[in-house]
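*Asks:* I'd like to ask you about the structure that follows.
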Amino acid sequence: MLGFVWTLRESRLYLYGQRFLLRTDHICLRCLTTFKEREGRVARWLESLAQLDFEVEHRAVRLHGNADALSRTSFTQCGRLVKGSAGAVHAAQL
0 MLGFVWTLRE SRLYLYGQRF LLRTDHICLR CLTTFKEREG RVARWLESLA QLDFEVEHRA
60 VRLHGNADAL SRTSFTQCGR LVKGSAGAVH AAQL
């Protein structure tokens, strides 16, 4: 949830005044706007996001085919790992 809050705060200038859809695989974020007992850190986060007009939609992990290449890449193309190349990602692979 912190990642969600941080991203929206950083993008506030672009998102303010526009309705937008937040599509996530974190099902608990669907209840974000209907959360009844707000206290502490969560209450402060929700208060800071109250001026944004957004809807949260859940989508299962297996349906996120457009997720970032670094966290969900399958390395089936190469049958072996070349020593020293584990950290290299080429633009053509992305």
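Using numbering that gives the first Met the number 0, the first residue of the sequence shown is number 0, and each one after it goes up by one. All C-beta atoms, glycine included, are put in the ideal place defined by N, C-alpha and C.
Among all the DSSP beta bridges, which residues are the ones paired with His25?
*Replies:* None; His25 has no bridge partner.
*Asks:* In this structure, what does DSSP give as the bridge partners for Glu9?
*Replies:* Beta-bridge pairing links Glu9 to no other residue.
*Asks:* Taking the C-alpha atoms as reference points, what is the distance between Arg40 and Asp24?
*Replies:* Rounded to the nearest angstrom, the two C-alpha atoms are 22 angstroms apart.
*Asks:* Let's see if you can read the secondary structure: which residues bound the alpha helix (DSSP H) around Glu56?
*Replies:* Segment 52-57 is the beta strand (DSSP E) holding Glu56; no alpha helix (DSSP H) there.
*Asks:* By the three-class DSSP mapping on this structure, what secondary structure does Leu20 have?
*Replies:* Strand.
*Asks:* Anyone know if the C-beta pair for Glu56 and Arg11 falls short of 7 angstroms?
*Replies:* Contact: no.
*Asks:* Starting from Glu46 and walking both ways along the alpha helix (DSSP H), at which residues does that stretch end?
*Replies:* Run containing Glu46: 39-48, per the alpha helix (DSSP H) assignment.
*Asks:* Below 7 angstroms CB to CB, which residues in the same chain sit around Phe19 once its five sequence neighbours on both sides are set aside?
*Replies:* Cβ neighbours of Phe19 beyond the five flanking positions: Phe53.
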